[in-house]
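Q:
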DNA sequence: TGCTTTTCTGAACACCGTTCATTTTATTTG
DNA sequence: CAAATAAAATGAACGGTGTTCAGAAAAGCA
């Protein structure tokens, strides 16, 4: 029967509609202020229908989180491919990561700050594969840097966590409004400078 | 009239009761799951009464945020006073900051991650003084390090933002469950190693 | 066409933050 | 002390939330 195939397609299509509506509402008015009823209204279905396609609101967040990772991964890959020198690759990787965070604040939040998507994973007893893949990419680049003599003989994973923490820290301090203490016009510059400075210091730590 | 003095004391006392109840509920079951009605129940008043002492829920969060900063500032001061060498002070400052974050995850969240307290400030058109004071402390220590020849001739503020971002990144990646990708037994060690490694790299960046 | 299965709805539930008329309590005045 | 006034506390109500589920509507099959 081609019917069940079509039904399957329709189910996927409906999930798409829900996610598209959810994403657009989230980006427009934030997560907190977006309700299931809002999403239902946009796709012109009743609120109850949403629950035939997603277990709960967290599962919608989680699905968007997965989507967003594929975009970030592309950006990161672009960052790597644009350079040949290992250390330049690391610099570019970080820049692309930060660029993604600043250009997609709500999505970055979903991927690396909100606890809701992690709760979905935990109750499914699954692993955070998307995060792991992104981190593996970083480790890969760090590994090449080490082969080129950078980072003396530190542990790859230690260096990678350090780099990740730094860029994540820069991103979240800003996205969660803690750069309020700096003049508005200088905030971005200060964060960029801090990143450049960090890279500069890293560069000098060679064998 | 001694009456209005007493009334004033009673008002302060009531605010204390509310904040104590709120803090204990928050630490116990998180912010999201604590309602005004919950708080009211603990102090054995009706929910409406809370609003005679605090404008809204955000203002309660903000008050706790202020409280928490005074504890963090003490911890940071202790970190500085425990050492005499400028660079050792910086190391200790960071350690105490991280210790506070890991020992008081909910409060750290309130101080540096949640947007609610910042919104209270923004609609009051005030400055985030508490954050500023903490950052000034860091800048002070960095300044002493620079006088001792560290950080070549980088900008104090740039270095300070970098250090803050790194420790904040370490803290939030963990508190918001993004260290799930590492084996549970090694998470803390990895974060500590990353901090030590960062310090080690910083140390070598001298004039 | 009638029967079954799938899909969808919308009312209901138990919450939430917040407001406000009303009642209770405390203070001041005659 | 009693009456009048002022302050504090209540609890119902409002409009919202996520979520569930009996019953209605639509689709697929005989």
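Residue numbers (my numbering), protein chains in the order written: chain Y, 324 to 530; chain E, 324 to 530.
Cβ coordinates follow ideal geometry from the N, Cα and C atoms, glycine included.
In angstroms, rounded to a whole number, what distance separates the CA positions of residue 398 of chain E and residue 429 of chain E?
A: Start at 1 with the first residue of the second chain, and residue 398 of chain E comes out as number 75. Start at 1 with the first residue of the second chain, and residue 429 of chain E comes out as number 106. In this model, residue 398 of chain E and residue 429 of chain E are separated by some 17 Å (Cα to Cα).
Q: Identify the continuous alpha helix (DSSP H) that holds residue 431 of chain E and give its terminal residues.
A: Within the second chain, the letter at position 108 stands for residue 431 of chain E. It spans 428 to 435 - the alpha helix (DSSP H) in which residue 431 of chain E sits, taken as one unbroken run.
Q: To the nearest angstrom, how far is the alpha carbon of residue 363 of chain E from that of residue 417 of chain E?
A: Reading the second chain from its first residue, position 40 is the one you call residue 363 of chain E. Reading the second chain from its first residue, position 94 is the one you call residue 417 of chain E. Spanning the two alpha carbons is a distance of roughly 38 Å.
Q: With residue 477 of chain E as the anchor, note down where its alpha helix (DSSP H) starts and where it stops.
A: Reading the second chain from its first residue, position 154 is the one you call residue 477 of chain E. No alpha helix (DSSP H) contains residue 477 of chain E, which DSSP labels as neither H nor E.
Q: Give the DSSP-derived three-state secondary structure of residue 378 of chain Y in the structure shown.
A: As a first step, residue 378 of chain Y must be located in the first chain, where it is residue number 55. Note: residue 378 of chain Y maps to coil in three-state DSSP.
Q: Taking Cβ to Cβ, would you say residue 348 of chain Y is nearer than 8 Å to residue 489 of chain E?
A: On the first chain, position 25 is the one that residue 348 of chain Y refers to. On the second chain, position 166 is the one that residue 489 of chain E refers to. No, the Cβ-Cβ distance between residue 348 of chain Y and residue 489 of chain E is not below 8 Å.
Q: State yes or no: is the C-beta of residue 530 of chain E nearer than 7 Å to some heavy atom of the ligand FMN?
A: Absence of the ligand FMN is noted for the structure shown, with no ligands found whatsoever.
Q: From which residue to which residue does the alpha helix (DSSP H) around residue 503 of chain E run?
A: Position 180 of the second chain, counting from 1, holds the residue named residue 503 of chain E. First-last for residue 503 of chain E: undefined, no H or E at that position.
Q: What did DSSP end up calling residue 529 of chain E once you bin it into helix, strand or coil?
A: Within the second chain, the letter at position 206 stands for residue 529 of chain E. DSSP places residue 529 of chain E in strand when its eight states are reduced to three.
Q: Kindly indicate the opening and closing residues of the alpha helix (DSSP H) around residue 508 of chain Y.
A: Position 185 of the first chain holds residue 508 of chain Y. Segment: none, residue 508 of chain Y is in no alpha helix (DSSP H) and carries neither H nor E.
Q: Take residue 471 of chain E and list the residues in its own chain whose beta-carbon comes closer than 6 Å to its own, dropping the five residues that flank it on each side.
A: Working through the second chain from its first residue, we reach residue 471 of chain E at position 148. The residues are 409.
Q: Among E:335, E:354, E:325 and E:336, which has the Cα closest to the Cα of residue 438 of chain E?
A: Translated into positions along the second chain, residue 438 of chain E becomes position 115. Nearest of E:335, E:354, E:325 and E:336 to residue 438 of chain E, Cα basis: E:354.
Q: Just reading off the alpha helix (DSSP H) that residue 458 of chain E is part of, what are its end residues?
A: In the second chain, counting from the first residue as 1, residue 458 of chain E sits at position 135. From DSSP, the alpha helix (DSSP H) with residue 458 of chain E extends over 452 to 470.
Q: Exposed or buried, what is residue 468 of chain E when buried is set at 16 or more other beta-carbons lying within 10 Å of its beta-carbon?
A: For the purposes of this step, residue 468 of chain E is taken as the residue at position 145 of the second chain. Buried, because 16 or more other Cβ atoms sit within 10 Å of the Cβ of residue 468 of chain E.
Q: Run the CB neighbour count on residue 514 of chain Y, radius 10 Å, all protein chains shown included, and call it buried at 16 or more, exposed below.
A: Stepping through the first chain from its first residue, residue 514 of chain Y is reached at position 191. Looking at its Cβ environment, which holds 16 or more other Cβ atoms inside 10 Å, residue 514 of chain Y is buried.
Q: Is there a C-beta anywhere in chain Y that falls below 8 Å from the one on residue 399 of chain E?
A: Counting from one through the second chain, the residue named residue 399 of chain E turns up at place 76. Taking Cβ atoms only, chain Y never reaches closer than 8 Å to residue 399 of chain E, which makes this a no.
Q: Can you give me, in chain order, the residues of the stretch 489 to 501 of chain Y that have a beta carbon less than 8 Å from any beta carbon in chain E?
A: 489, 490, 491, 492, 493, 495, 496, 499, 500 and 501
Q: Tell me which same chain residues have a C-beta within less than 8 Å of the C-beta of residue 342 of chain E, skipping the five on either side of it?
A: As a first step, residue 342 of chain E is located in the second chain; it is residue number 19 there, counting from the start. Within the same chain, residue 342 of chain E has close Cβ partners 383, 386, 387 and 390.
Q: Is it true that the CB of residue 530 of chain Y sits closer than 8 Å to the CB of residue 475 of chain Y?
A: Within the first chain, numbered from 1, the residue matching residue 475 of chain Y stands at position 152. Within the first chain, numbered from 1, the residue matching residue 530 of chain Y stands at position 207. Yes. Within cutoff.
Q: Between residue 396 of chain E and residue 367 of chain Y, what straight-line distance do the alpha-carbon atoms span, to the nearest angstrom?
A: Taking the first residue of the second chain as position 1, residue 396 of chain E is located at position 73. Taking the first residue of the first chain as position 1, residue 367 of chain Y is located at position 44. Straight-line Cα distance between these residues: approximately 52 Å.
Q: Would you mind reading off the limits of the alpha helix (DSSP H) that contains residue 367 of chain E?
A: Along the second chain, read from residue 1 onward, the residue named residue 367 of chain E stands at position 44. Premise fails: residue 367 of chain E is in no alpha helix (DSSP H) and is neither H nor E.
Q: Output the distance between the C-alpha atoms of residue 448 of chain E and residue 454 of chain E, rounded to the nearest integer angstrom.
A: Within the second chain, numbered from 1, the residue matching residue 448 of chain E stands at position 125. Within the second chain, numbered from 1, the residue matching residue 454 of chain E stands at position 131. Taking the straight line joining both Cα atoms gives about 15 Å.
Q: Between the beta-carbon of residue 458 of chain E and the beta-carbon of residue 483 of chain E, is there less than 8 Å?
A: Stepping through the second chain from its first residue, residue 458 of chain E is reached at position 135. Stepping through the second chain from its first residue, residue 483 of chain E is reached at position 160. Cβ distance < 8 Å, so residue 458 of chain E and residue 483 of chain E count as in contact.
Q: Counting only the same chain and skipping the five closest in sequence on each side, list residues whose C-beta sits under 6 Å from that of residue 392 of chain Y.
A: Translated into the one-based positions of the first chain, residue 392 of chain Y becomes position 69. Cβ within range, chain order: 453.
Q: Can you pull the chain Y residues whose beta carbon is under 7 Å from the beta carbon of residue 458 of chain E, in chain order?
A: Position 135 of the second chain, counting from 1, holds the residue named residue 458 of chain E. What residue 458 of chain E touches in chain Y: 504.
Q: Which bits of chain E does residue 527 of chain Y rub up against, with CB to CB less than 8 Å?
A: By 1-based counting over the first chain, the position of residue 527 of chain Y is 204. Within 8 Å Cβ-Cβ: 527 and 528.
Q: Is residue 408 of chain Y helix, strand or coil by DSSP?
A: Sequence index remark: in the first chain, residue 408 of chain Y carries index 85 (1-based). Correct three-state label for residue 408 of chain Y: coil.
Q: When you compare only the Cα positions, how much space is there between residue 493 of chain E and residue 500 of chain E?
A: The count along the second chain starts at 1 and reaches residue 493 of chain E at position 170. The count along the second chain starts at 1 and reaches residue 500 of chain E at position 177. When rounded, the distance between both Cα atoms is 11 Å.
Q: Per DSSP, what kind of secondary structure is residue 336 of chain E in: helix, strand or coil?
A: Your numbering for residue 336 of chain E matches position 13 in the second chain. Here residue 336 of chain E sits in helix by DSSP.
Q: Among residues of its own chain, excluding the 5 on either side of residue 442 of chain Y, which ones have a beta-carbon nearer than 7 Å to its beta-carbon?
A: Sequence index remark: in the first chain, residue 442 of chain Y carries index 119 (1-based). Hits under 7 Å: 381.
Q: Compute the Euclidean distance between the alpha carbons of residue 407 of chain E and residue 327 of chain E, then round it to the nearest angstrom.
A: Residue mapping note: residue 407 of chain E aligns to position 84 of the second chain, counting from 1. Residue mapping note: residue 327 of chain E aligns to position 4 of the second chain, counting from 1. About 49 Å.
Q: Which of the three DSSP states is assigned to residue 354 of chain Y in this structure?
A: Here residue 354 of chain Y refers to the residue found at position 31 when the first chain is read from its first residue. If DSSP states are grouped into helix, strand and coil, residue 354 of chain Y belongs with coil.
Q: Which residues of chain Y have a Cβ atom closer than 9 Å to the Cβ of residue 435 of chain E, listed in chain order?
A: Here residue 435 of chain E corresponds to residue number 112 of the second chain, with the count starting at 1. Simply 495, 496, 499 and 501.
Q: Would you mind working out which of E:425, E:506 and E:404 sits nearest residue 464 of chain E, comparing C-alpha positions?
A: Along the second chain, one-based indexing puts residue 464 of chain E at 141. The shortest Cα separation from residue 464 of chain E among E:425, E:506 and E:404 belongs to E:404.
Q: Would residue 371 of chain E be called buried (16 or more neighbouring beta carbons within 10 Å of its own) or exposed?
A: As a working note, residue 371 of chain E is residue 48 in the second chain. Exposed.
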